[in-house]
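Reviewing the structure listed below.
Protein chains: 2
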Amino acid sequence: MKIAIMGTGMVGQELAGRLAVLGHDVTVGTRDIAATMARTEPNPVGIPPFSAWSPAHPDVALATFPDAAAGGEVIVNATVGSASLEVLRLAGGRHLAGKILIDVANVLDFSHGMPPTLFVKDTDSLAEQIQREFPDAKVVKTLNTMTASLMVNPRQLADGAHTTFISGDDPDAEDTVTALLTQLGHTDIIDLGGISTARGPEMLVKIWLELWDALGTYEFGIKIVR
Amino acid sequence: MKIAIMGTGMVGQELAGRLAVLGHDVTVGTRDIAATMARTEPNPVGIPPFSAWSPAHPDVALATFPDAAAGGEVIVNATVGSASLEVLRLAGGRHLAGKILIDVANVLDFSHGMPPTLFVKDTDSLAEQIQREFPDAKVVKTLNTMTASLMVNPRQLADGAHTTFISGDDPDAEDTVTALLTQLGHTDIIDLGGISTARGPEMLVKIWLELWDALGTYEFGIKIVR
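Protein chains in written order, with our numbering: chain R, 22 to 247; chain P, 22 to 247.
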């Protein structure tokens, strides 16, 4: 499957690398290719730059947001949540129309300092904002409730015995995303319902940050025991 | 231990009944004893009235909010979240001072119709509102992330293999509450930190409601797998 991943950060790198290994045709989208490849310093939280990651992953292409989106059958939004709408506008609505748009972003706003606040809460969600702005895309929210390494290798923790949520309005898109998640190793997938149910998983980021602090690790999963 | 439980609803009934069985001296607080005992109809969501529950639990006393709080060594806020501050004011700050105040309430606002909204989110919590208004009480947030029957009998689900969160500023109070939780059967207790960490568990109510809808049951637990 041709997959375009918007975002060159840790989540974009992890998803691109793993999906390519699984045999997908992966292109990562960025704002400015030259600027992306010119950055050689880790970002403020220590994530290696794409230019350091890229040589070890020659099977993953790099393109501008619109070029990547144009070539993708499935688009993944792996950008910082507060920049997602702007990035998807740059990618271009015509390149998203009719396609599955997997939104894995978190709704964190760092502009008021630390700890970050949530820029949408229980009365809206980023996934819904994206769906409203791009009504012809088939938005599916998933994976935002775990760290990037668990997104692509859930079985490294408790043999995968933790839960992955999906929300979306299009059942066929949800089926395709569920198949992709299963390929990545996700075994306990709960379909919460329509895209508005993305509010619950997006709000989980608050306790996720608290748990990171309390447990001293972000290598944890959330299992719905039933 | 002398435990005063504010609230005669399902949560108050479950906690009162179980804590009395465990040997505690339990009093349930209410606004108006005569009115409480005069109600013979289930509430709008089908919870039996206290007057129907009480005869089967003769070891649980009923008193006004201030009388119950005055006699309690530990106070439990088991009221509807939107009414909690008013109820605790009625109970009286002088009856809460120096005592452990266990807050199990959820921050749901039903005044705008269904689904309910959250009246505090990631920038404040009900537990902090209570702590600010009653600075001499030792507020501990816990148990709000599960249905009442699991609060008092967590082992009925997966032999208790799900997580209970606590937040509070007073380590001794947290130790006492942890001992009470252990007595109830809770085995996986995560101390998230100070009372401001109640924000995370309070925000879980959104996905809790979504899961109730998606799973068709509220008999589920949230396990932090690590």
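Just so you know, even glycine gets a beta-carbon here, dropped at the ideal spot from N, CA and C. Please read all numbers here as calculations on a predicted model, not as lab measurements.
Using a threshold of 8 Å, state whether the C-beta atoms of Met224(P) and Ile211(R) are closer than that.
no
Per DSSP, which one or two residues make a beta bridge with Leu122(R)?
Ile96(R), Val160(R)
Per DSSP, what kind of secondary structure is Ile68(P) in: helix, strand or coil?
coil
Does Met224(P) come within less than 8 Å of chain R when only Cβ atoms are used?
yes
CA-CA distance, Lys120(R) and Ala235(P)?
25 Å
Excluding the five sequence neighbours on either side, which residues of its own chain have a C-beta within less than 6 Å of the C-beta of Gly114(R), listed in chain order?
Phe155
Any beta carbon of chain P sitting closer than 8 Å to that of Val198(R)?
no
Residues sharing a beta bridge with Ala25(R), DSSP:
Thr48(R), Ile96(R)
Would you list, in sequence order, the uninterrupted alpha helix (DSSP H) runs of no fewer than 4 residues that lie entirely inside the stretch 159-220 of chain R?
169-173, 192-205
For Ala235(R), go through chain B and note every residue whose CB falls closer than 8 Å to its CB, in chain order.
Going by chain labels, chain B is absent from the structure shown, which instead holds the protein chains R and P.
Own chain partners of Pro69(P) with C-beta closer than 7 Å, once the 5 adjacent residues on each side are dropped:
Pro63
Roughly how far, in whole angstroms, is the beta-carbon of Leu106(P) from the beta-carbon of Gln150(P), given that I think they are within contact range, below 8 Å?
6 Å
The stretch 161-175 of chain R / the stretch 22-40 of chain R touching (three or more Cβ pairs under 8 Å)
yes
Where the alpha helix (DSSP H) through Val226(R) begins and ends
226-236
Might you give, ordered along the chain, the residues of its own chain that have their beta carbon closer than 8 Å to the beta carbon of Leu129(P), omitting 5 neighbours on each side?
Val101, Gly102, Ser103, Pro137, Thr138, Leu139, Phe140, Val226
Integer Cβ distance of Ala82(P) from Thr48(P), believed to fall under 8 Å:
4 Å
Give the secondary structure of Val128(P) by DSSP, where H, G and I count as helix, E and B as strand, and everything else as coil.
coil
Any idea what DSSP makes of Thr61(P), helix, strand or coil?
coil
Would you list the residues sitting across from Leu83(P) in a DSSP beta bridge?
Val49(P)
Terminal residues of the continuous beta strand (DSSP E) containing Gly242(P)?
242-246
Could you list which residues in chain R have their beta carbon closer than 7 Å to that of Lys244(P), in chain order?
Lys244, Val246
Could you give the DSSP three-state label for Gly43(R): helix, strand or coil?
Note that residue 43(R) is Leu in the sequence shown, not Gly. Note: Leu43(R) maps to coil in three-state DSSP.
In whole angstroms, give me the CA-to-CA distance for Arg247(P) and Ala73(P).
43 Å
Using only CA atoms, which one of Pro192(R), Lys142(R), Glu240(R), Ile123(R) lies nearest to Leu178(R)?
Glu240(R)
Output, in chain order, the set of chain P residues within a Cβ distance shorter than 7 Å of Leu201(R).
Correct list: empty, because the minimum Cβ distance to chain P is about 20 Å.
Which of the residues in the stretch 124-158 of chain R, read from start to end, lie with their CB under 7 Å from any CB of chain P?
Thr138, Leu139, Lys142, Asp143, Thr144
Counting contacts by CB-CB distance shorter than 8 Å, is Lys162(P) in contact with chain R?
no
Where Leu147(P) falls: helix, strand or coil (DSSP)
helix
Leaving aside the five residues before and after Asn98(P) along the sequence, list all residues of the same chain whose C-beta is less than 8 Å from its C-beta, in chain order.
Met27, Gly28, Ser105, Val108, Leu109, Leu122, Ile123, Asp124, Val125, Ala126, Ile151
What's the gap between the Cα of Asp88(R) and the Cα of Thr218(R)?
31 Å
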